[in-house]
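**Q** Per my numbering, the sequence shown starts with residue 646, numbered consecutively. Just so you know, even glycine gets a beta-carbon here, dropped at the ideal spot from N, CA and C. Being a predicted model, the structure only gives us computed values, none of them experimental. My structure is below; once you've seen it, I'll send some questions.
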Amino acid sequence: MVSLGPENVRIAAHAMDKADAIHQAGVILVEGGYIHPGYIQSMMKREQVTATYLGNGIAIPHGLPQDRQLIQRTGLSVLQVPHGVEWNPGEVVYLVVGIAARSDEHIGVLAKLTDVLEDEATVMRLARTRRVEDIVAALDPSRRTVPVPAAVQAQPPASMLSAGYRADVEVIGGTGLHARPASVFVALAKQFRSDIRVYHDGKTANGKSMVSMLRLGVERGGVITITADGPDAAKALESLQIAVAEGLGEEAPASDTVAEVSALPGQTAPAAPETPEAPDEPGLIRGIAAAPGIAIAPIHQLRKEAQAAIEQHAVDSKAERSDLDHAIDRAGAELEELHRTINQRAGEAEARIFLAHREFLEDPDLIEAARFRIDHSEESAAFAWRAAVEERAGELAALNDPLLAARADDLRDVGARVMRLLVRTNEGMAPLPDHQIILVAEDLSPSDTASLNPDLVKGICTALGGPNSHTAILARSLDIPAVVGCGRAVLELATGMTAVLDGSTGTVLPDPNPERLDAAQQAQGVAGSRRAAVVEAAYRPAITVDGHRVEVAANIGAVPEAGRTVEAGGEAVGLLRTEFLFQDRTDPPGEDEQFEAYKSMAEALGGLPLIVRTLDAGGDKPLPYISMAHEDNPFLGQRGIRLSFAMPDLFRSQLRAILRAASHGDIKIMFPMITSVHEFRRARRLVEEFRVELDAPEIDVGIMVEVPSSAVLADMLAREVDFFSIGTNDLTQYTLAMDRGNPALAKDADGLHPAVLRMVDQTVRAAHGEGKWVGVCGNLAADPAAAAILIGLDVDELSVGIPNIPGLKAQIRDMAYEDAKDLARRALMCEAADEVRALTAEVA
């Protein structure tokens, strides 16, 4: 058993960077006789191979398997860094747990750390404590016991109750039935026709209502009673009972496990616990470090715009119901796009925030309450919706569990989104200045934060919130330094006053004196130099150790991101999502407006390729100025290239704008949702027709491979296209018949499923047979576990979110192409995605 003694714990340490922190943790192990000094270098190398950041401020550096001979005996070390150290971009570590294990004993350490990892309050307490024994008591695996949850078999068997079924089951998730596990439960319940009810502590909930489920206030270890009554009751109860017993997906990082800092009017939120340092300088405000980095800019106080005046009563109830339904549909499309955007920028864990928002939006009890008020109280849609949302948000806010109470803000955020569409105003956040600022607010909603422009908002400071609140999570994804939980004092700071915000130490210094300002600028310069070193390494090509080159490109969806691609070391833009030009407006963009955008991006890339995907909109991503009939299954309806064919004027203006911009850079055209050779030929004929009209240069034209038919027909399409780009997100959901937006299916909709990998393999072989190249621009390209397999399948280009570029290129430079080919061959022979992932872990 791995153990931790007090002699192996160092408190109140300072680390300049990750390497320094690992070195200090390693020195403790050397001094204790656990490892030879050379093992510290192995711990450094491990960081280039796999992530050792667990989450919630904990990292577990350990060496490579091939260097285990440098371990003398098994042991642990803990380095406490009260002010934190940036591990990877957006990851701040306070507890560095060094591991020396000659076998797979570190897996046991991970299991023992789970309780602490899921309890943010405990992590922060351990990060600040001055007592070594506190850390030993909490982290020593030999002293900790993990309660064993009741097994499904130990529960009373499902028994017939009048016309229904009933079962009791324990909630074992890390923090109880909070937003994400509740959304998984609700999504699963909605798949059955039976009525699902959930009982706990004298309360009853509709199992298909997110708000209703959260109002139960179920904590970890609580027992709920599930009943099902209807034609598929037995199957529904069995599925829900198993899902709850398995944790409702709680093995994934919980983006909403958050210890919020609350402050009532007139009160100050708690400051960070004291550390053994010099007294604070005058005026310094301490909060909680939420997103690393230093910002120096004028303060801008965010004032919420007053709510628009709305009429309480309406004459035509039928029209009001129609307005409400339309606004809810539009809000759903906006949330889907936000989910996609954050997924690309930061990954699925952060993007799940907006999946939970979708469940709030589609809550049947909430919608029915608003409709009832419209029909029976003759209220307007806006008045009825606002009242229904506030009633339920108030009930959530009153819950004893602060985590569940905090979800009231999410519900209000969803409610405000619908209100904006109903009253046709920008209700909520006021317009921001067109210069760089540090944004100060009482708190920010997820929607507000996701909409910020990092080029202008250089820092975020809030009175409320916690380090893993939705504001903090999204700030890290946008690479904006942030300090949260500062108390109401920050709301009194004057707009326009210069301030220094340090997101690594959790401090804000308003109106710094010249000496302090100079010191901050120097520190900012040092941090910039470190980042520059990372970027400089990212400019090196991604060539494996045995000489195989892979192009690494960026997925972007805004004009400024073209320049950021170059700065991050991107070798091309593998996917430009042109939807940003068409959304959030009442009429489509003209040809000239589109031309200027494409031209600007091509010029910013300085001759690097820019692959422009034509408009990918449709039933699941509606545009307000396009009238479309309701579709029961919009993912299989009028979207992508089908919509472009149906809207010839819209398609013509976009193709002409792209062709005109092609004179200013290396631009290529890519069509989405191509399902047949006929569709591609039809689209390419239009390109050639407009090219001749404009006397534009020759241009490469390719397609997205995102439906099984295009993969199956890849040999025929390869004779026609100039290139393929595989969209693994849609290809996975269409191949596996799983909606990737469904929380209950998200875990199984895995792009490493052998069926998806065989589609990729088939496409690559067909393309290379015709001398054409193949890229992958879906989420799979950014998955470290998938990179080697894709390269082994001979994919020529991987296109990922901009923040992923340096890490992916480094990963490729450390791998061997021949090993990747062997791994790919073995992956194609697996039967399931979990077997493939186990295979990748085995060779890591």
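Would you please state the rounded distance, in angstroms, between the beta carbons of residue 1260 and residue 1299? I believe it to be under 8 Å.
**A** Yes, they are in contact, since the Cβ atoms of residue 1260 and residue 1299 sit about 6 Å apart, within 8 Å.
**Q** Between the Cα of residue 1238 and the Cα atoms of 1464, 1306 and 1183, which residue gives the shortest distance?
**A** Checking every option, the nearest Cα to that of residue 1238 belongs to 1306.
**Q** So what's residue 1349 in DSSP terms, helix, strand or just coil?
**A** Strand at residue 1349.
**Q** Do residue 1148 and residue 1165 come within 9 Å of each other at the CB atom, strictly closer than that value?
**A** Not closer than 9 Å, so no.
**Q** Going by DSSP in three states, residue 946 sits in which element: helix, strand or coil?
**A** Three-state DSSP puts residue 946 in a strand.
**Q** Consult DSSP for residue 1005 and reduce its assignment to one of helix, strand or coil.
**A** Residue state, collapsed to three classes: helix.
**Q** At which residues does the alpha helix (DSSP H) containing residue 1361 begin and terminate?
**A** First-last of the alpha helix (DSSP H) with residue 1361: 1359-1362.
**Q** Alpha carbon to alpha carbon, how far is residue 771 from residue 1221? Give it in angstroms, no decimals.
**A** Approximately 44 Å, taken between the alpha carbons.
**Q** Which residues in the same chain have their Cβ closer than 8 Å to the Cβ of residue 1036, if we skip the five residues on either side of it in sequence?
**A** So the list reads 1014, once near-sequence residues are dropped.
**Q** Looking at residue 1121: is its Cβ nearer than 9 Å to the Cβ of residue 935?
**A** In contact: residue 1121 and residue 935 (Cβ atoms closer than 9 Å).
**Q** Would you give the residue range spanned by the beta strand (DSSP E) that residue 698 belongs to?
**A** 698-700 is the extent of the beta strand (DSSP E) around residue 698.
**Q** Inspect the CB distances between the segment 1185-1194 and the segment 1423-1431 and report whether three or more fall short of 8 Å.
**A** The segment 1185-1194 is not in contact with the segment 1423-1431.
**Q** Distance check for residue 827 and residue 867, CA to CA, integer angstroms please.
**A** So the alpha carbons of these two residues sit roughly 14 Å apart.
**Q** For my contact list, residue 1362 and residue 1348 are in at a C-beta cut-off of 8 Å; report their separation, rounded to the angstrom.
**A** Right, the Cβ-Cβ distance comes to about 7 Å (below 8 Å), so this counts as a contact.
**Q** On the three-state DSSP scale, how would you describe residue 1406?
**A** Helix.
**Q** CA-CA distance, residue 939 and residue 1174?
**A** Spanning the two alpha carbons is a distance of roughly 13 Å.
**Q** Taking 6 Å as the limit between beta carbons, can you name the residues of its chain near residue 1336, skipping five residues before and five after?
**A** Cβ within range, chain order: 1304.
**Q** For residue 1227, I'd like the list of residues in its chain whose CB is within less than 8 Å of its CB, leaving aside the five on either flank, ordered along the chain.
**A** Hits under 8 Å: 1233, 1234, 1260, 1262 and 1268.
**Q** Considering residue 1245, what are the terminal residues of the alpha helix (DSSP H) in which it resides?
**A** Counting along the chain, the alpha helix (DSSP H) containing residue 1245 begins and ends at 1236-1249.
**Q** How should residue 1301 be labelled, buried or exposed, when 16 other C-beta atoms within 10 angstroms of its C-beta is the threshold for buried?
**A** Flag for residue 1301 reads buried.
**Q** Does DSSP classify residue 1342 as helix, strand or coil?
**A** Residue state, collapsed to three classes: coil.
**Q** Give the DSSP-derived three-state secondary structure of residue 1379 in the structure shown.
**A** Three-state DSSP puts residue 1379 in a helix.
**Q** Determine whether the Cβ of residue 1418 lies closer than 9 Å to any Cβ atom of chain D.
**A** The structure shown contains no chain D; it holds only a single protein chain.
**Q** In angstroms with no decimal places, state the Cα-to-Cα distance between residue 1323 and residue 1207.
**A** About 33 Å.
**Q** Can you tell me the Cα-Cα spacing of residue 970 and residue 976, whole angstroms?
**A** Distance between the alpha carbons of residue 970 and residue 976 is about 10 Å.
**Q** Identify every residue that forms a DSSP beta bridge with residue 730.
**A** Paired residue(s): 738.
**Q** What do you get for residue 1158, buried or exposed, if any count of 16 or more other CB atoms within 10 angstroms of its CB means buried?
**A** Exposed: under 16 other Cβ atoms inside 10 Å.
**Q** Quick one: give me the first and last residue of the alpha helix (DSSP H) that residue 610 is part of.
**A** Since the first residue shown for the chain is 646 and the last is 1489, residue 610 is missing from the structure and cannot be characterised.
**Q** In whole angstroms, give me the CA-to-CA distance for residue 781 and residue 654.
**A** Their backbone Cα atoms lie some 8 Å apart in a straight line.
**Q** Within this structure, are the beta carbons of residue 662 and residue 730 separated by less than 9 Å?
**A** Their beta carbons are under 9 Å apart, which means residue 662 touches residue 730 by this criterion.
**Q** Residue 1316 lies in the beta strand (DSSP E); which residues open and close that run?
**A** Its beta strand (DSSP E) spans residues 1312-1316.
**Q** In three-state DSSP terms, what is residue 1158?
**A** Reduced to three states, the DSSP call for residue 1158 is coil.
**Q** At which residues does the alpha helix (DSSP H) containing residue 1104 begin and terminate?
**A** From DSSP, residue 1104 is part of no alpha helix (DSSP H) but of the beta strand (DSSP E) over 1102-1107.
**Q** Are residue 1412 and residue 1369 closer than 9 Å when you measure CB to CB?
**A** Closer than 9 Å, so yes.
**Q** Could you give the distance in angstroms between the alpha-carbon of residue 1197 and the alpha-carbon of residue 1184?
**A** If you take the alpha carbons of residue 1197 and residue 1184, they lie about 10 Å apart.
**Q** Using 8 Å as the Cβ pair cut-off and three pairs as the minimum, do the segment 703-715 and the segment 731-742 touch?
**A** Yes: the two stretches touch, three or more of their Cβ pairs being nearer than 8 Å.
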